[in-house]
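These notes are about the structure you will find just below.
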Amino acid sequence: MKSGAKYTHSMIENPGLLAEIRGNPASNFLAGKYNVKISDEDTTLYRSGKKGGLIIPGEEQNTLGQWFTRESAESVVKVRIDSAVKAQWIDPKTGVLTGTSPIVPTYTIKIPKGTTIYEGPVGYQGGHYLGGENCNQIFISEPWKINGVEPLSETPIK
Numbered sequence: 001m002k003s004g005a006k007y008t009h010s011m012i013e014n015p016g017l018l019a020e021i022r023g024n025p026a027s028n029f030l031a032g033k034y035n036v037k038i039s040d041e042d043t044t045l046y047r048s049g050k051k052g053g054l055i056i057p058g059e060e061q062n063t064l065g066q067w068f069t070r071e072s073a074e075s076v077v078k079v080r081i082d083s084a085v086k087a088q089w090i091d092p093k094t095g096v097l098t099g100t101s102p103i104v105p106t107y108t109i110k111i112p113k114g115t116t117i118y119e120g121p122v123g124y125q126g127g128h129y130l131g132g133e134n135c136n137q138i139f140i141s142e143p144w145k146i147n148g149v150e151p152l153s154e155t156p157i158k
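Written as structure tokens, this is what we have:
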């Protein structure tokens with residue numbers, strides 16, 4: 001969806017299910033705007049992250065997260081800016097480090113037909129982590145529990 005797109009959910013008018021689940025994923029969409037879709041065919045999505053998920057035994061958990069894009073990453077900088085992925089996540093209330101997001105490879109992931117997909121524009125995360133109306137992301141709740149989700153490749157990012 002690009003600028004001017006219509007969304008069935010927003011934080012103000014209809015927050016939907018994502019506002020109710022742990023971590024409030026709706027807040028990571030611009031103004032909480034997103035659509036819900038059940039995929040009608042197998043879909044290829046991408047996510048960037050920590051290396052080794054397909055090549056280092058014991059690191060398989062690195063292949064999957066809950067956030068994806070429809071396009072493969074062009075560069076680490078583009079992922080950080082367009083997908084608003086911070087290197088470190090600090091709790092604004094406590095100042096405590098709550099997580100890190102290394103970006104080394106991009107994983108190509110097969111998402112099976114029938115999967116619930118939440119898609120909308122990337123929310124601003126502060127600083128130069130912009131996201132925006134023309135940068136879309138997809139949230140899939142706990143894809144590692146979905147039968148048929150399959151990591152296909154791990155490609156280093158420039």
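If you use full-length UniProt numbering, the sequence shown corresponds to residues 1 to 158, in order.
From the three backbone atoms N, C-alpha and C, an ideal C-beta is built for every residue, glycine too.
Model, not experiment: these values are computed from the prediction.
(message) So Val85 and Tyr129 are supposed to be a Cβ contact under 8 Å. How far apart are they, rounded?
(response) Within the sequence shown, residue 85 is the residue found at index 85, counting from 1. Within the sequence shown, residue 129 is the residue found at index 129, counting from 1. With 8 Å as the limit, Val85 and Tyr129 qualify as a contact, their Cβ atoms being about 7 Å apart.
(request) Flag this pair as touching only if the segment 29 to 41 and the segment 146 to 153 have three or more C-beta atom pairs under 8 Å; answer yes or no. (result) no
(request) Using three-state DSSP, classify Arg47 as helix, strand or coil. (result) Residue 47 sits at position 47 when you count from the first residue of the sequence shown. Strand.
(message) Helix, strand or coil, according to DSSP, for Ser153 in the structure here?
(response) Residue numbering aside, residue 153 sits at position 153 when the sequence shown is read from its first letter. Ser153: strand per DSSP, three-state reduction.
(request) Output the boundary residues of the beta strand (DSSP E) element that contains Ile38. (result) Position 38 of the sequence shown holds residue 38. Where Ile38 is concerned, the enclosing beta strand (DSSP E) stretches over 35 to 38.
(message) What would DSSP say about Leu18, mapped onto helix, strand or coil?
(response) Translated into the one-based positions of the sequence shown, residue 18 becomes position 18. Three-state DSSP puts Leu18 in a helix.
(message) Applying the 10 Å Cβ sphere with the 16-neighbour rule, what's the burial state of residue 169?
(response) Absent from the model: residue 169. The displayed extent of the chain is 1 to 158, so no value can be given.
(message) Using the three-state DSSP reduction, which class does Asn136 fall into: helix, strand or coil?
(response) The sequence position of residue 136 within the sequence shown is 136, counting from 1. Asn136 falls in the strand class under three-state DSSP.
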